[in-house]
Amino acid sequence: MSTNPNAMTFGKKPQGGFREPMPLTDLLEPAVAEGPLPVGNWSPSRLLDWLLCPARGAWSCGVWELPAEFEWPANPDAQVGVATHRYAEARLNGASVDEARIAGADAALDTDPEEWLPLTDLWETAIRPAIGTPQATEQRLVLTLDGLPVTCVLDVIDEVGTIRDLKTTKRKPNPIDIARKSLQAPLYVAAWRQETGEAAPFVLDYLIRNKTPQALTLPVPVTEASIDRARRQLSWAQEQADNPDSIVPNPYTAYGCTGCPFVRVCADQWGFPHPETVTAEAP
1138 MSTNPNAMTF GKKPQGGFRE PMPLTDLLEP AVAEGPLPVG NWSPSRLLDW LLCPARGAWS
1198 CGVWELPAEF EWPANPDAQV GVATHRYAEA RLNGASVDEA RIAGADAALD TDPEEWLPLT
1258 DLWETAIRPA IGTPQATEQR LVLTLDGLPV TCVLDVIDEV GTIRDLKTTK RKPNPIDIAR
1318 KSLQAPLYVA AWRQETGEAA PFVLDYLIRN KTPQALTLPV PVTEASIDRA RRQLSWAQEQ
1378 ADNPDSIVPN PYTAYGCTGC PFVRVCADQW GFPHPETVTA EAP
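Have a look at this one:
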């Protein structure tokens, strides 16, 4: 789930194995961001931005200042995910189905509930039973790697101690691709081990938005090598952030500029054509 500063977090673990709510003052973010980035700490999503493209990382993390007129483009697919996540979070925290549906609708006011309600029905039957009574939901931890703080918000620690993260997607995920690219898996497992001294398995619970929705639970193996990979990626990204004058966009990756929210400001900054101005002519 997203790193929502208003999400429920938990404090120290009592002998019974469950976590008690932290005081409200411990949940509030400081008014001024403090951390290695202008926006505060690192997170898996912020690191991903840098790995996709250093320019995207610079824009998203405040290393480059966005123009005052910048507006985040609409992302309907992301809103479906937000609503579904909010529903699942509410249910795991004791809300009724109706209460959870209201929470989901409130989180995505401009999204037709029919876009996400079928996913919540599937979550109830295919995923929730595997969670059991969760040890924690929206568990906020700060992992330190080579002195760099990484904020990790774990969706769920299930009844048997597995870290679970919920995803919504339109495509069936490729297990090999996920294992190679996942940042959440090594960072979340390392954060949990730093907090508790215990290793924990990590799985991704996918809700696939086909005509007939499907559920898929995908274990992601985490090794010391994969944690070290994430550490090195983080170190590289911090070096980039510390030297903003050396940052350049990288449209040559498989990701390219497709779907980037900053494609227009990058076009202005670097002389790229705006997408709507490019046409192909027949010879």
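So the number in our numbering is just where the residue sits in the sequence shown, counting from 1, plus 1137. For glycine and all other residues, C-beta sits at the position ideal for the given N, C-alpha and C.
Based on Cα-Cα distance, which residue from the options lies nearest to residue i?
i     : options                    : result
D1235 : D1214, P1210, E1261, K1307 : E1261
W1329 : A1195, V1293, A1225        : V1293
D1249 : G1218, R1368, G1231        : G1218
G1396 : V1290, V1279, D1186        : D1186
A1211 : T1281, A1232, L1278, D1247 : D1247
A1279 : V1290, D1405, Q1272, R1368 : The sequence shown places Val at residue 1279, rather than the Ala named in the question. Ranking V1290, D1405, Q1272, R1368 by Cα distance to V1279 puts V1290 first.
A1227 : V1359, A1242, D1214, G1298 : A1242
R1346 : C1403, N1380, R1193, T1221 : T1221
P1286 : R1183, G1298, H1411        : R1183
D1314 : P1398, V1357, A1244        : V1357
S1319 : A1391, G1393, A1367        : A1367
P1213 : N1311, A1244, S1197, T1257 : A1244
E1275 : D1283, T1288, T1360        : T1288
L1189 : A1316, L1282, A1391, G1298 : A1391
P1338 : T1414, C1198, V1297        : V1297
E1361 : A1322, T1414, G1231        : A1322
D1258 : F1399, E1171, P1204, A1225 : A1225
How many angstroms separate the CA atom of residue i from the CA atom of residue j?
i     : j     : result
A1237 : R1223 : 7 Å
I1425 : D1302 : Only positions 1138 to 1420 of the chain appear in the structure, and residue 1425 is not among them; the question remains open.
R1401 : Y1389 : 17 Å
T1333 : A1327 : 10 Å
P1173 : F1409 : 30 Å
S1372 : L1341 : 26 Å
E1157 : D1405 : The predicted model places E1157 with a pLDDT of 38, which falls under 50 and marks its position as unreliable; any figure quoted below should be read in that light. Rounded to whole angstroms, E1157 to D1405 spans 49 Å at the Cα level.
A1192 : E1202 : 11 Å
N1380 : A1195 : 10 Å
E1208 : A1215 : 16 Å
K1348 : R1308 : 12 Å
E1251 : P1310 : 23 Å
C1394 : S1197 : 14 Å
P1266 : F1399 : 40 Å
A1232 : I1264 : 17 Å
D1382 : C1403 : 15 Å
Please classify residue i: does DSSP put it in a helix, a strand, or coil?
i     : result
I1294 : strand
R1366 : helix
A1352 : strand
I1345 : strand
K1304 : strand
T1360 : coil
A1273 : strand
V1385 : coil
L1320 : coil
P1310 : coil
G1218 : helix
P1398 : coil
P1412 : helix
For residue i and residue j, which I take to be in contact (beta-carbon distance under 8 Å), what is that distance rounded to the nearest angstrom?
i     : j     : result
Y1343 : L1324 : About 19 Å; that fails the 8 Å criterion.
Q1377 : I1384 : 6 Å
Drop a sphere of 10 angstroms on the beta-carbon of residue i, count the other beta-carbons inside from all chains shown, and report buried for 16 or more, exposed for fewer.
i     : result
W1269 : At residue 1269 the sequence reads Gly, which differs from the Trp that was named. Exposed, because fewer than 16 other Cβ atoms sit within 10 Å of the Cβ of G1269.
D1295 : buried
I1300 : buried
Q1351 : exposed
T1305 : buried
S1180 : buried
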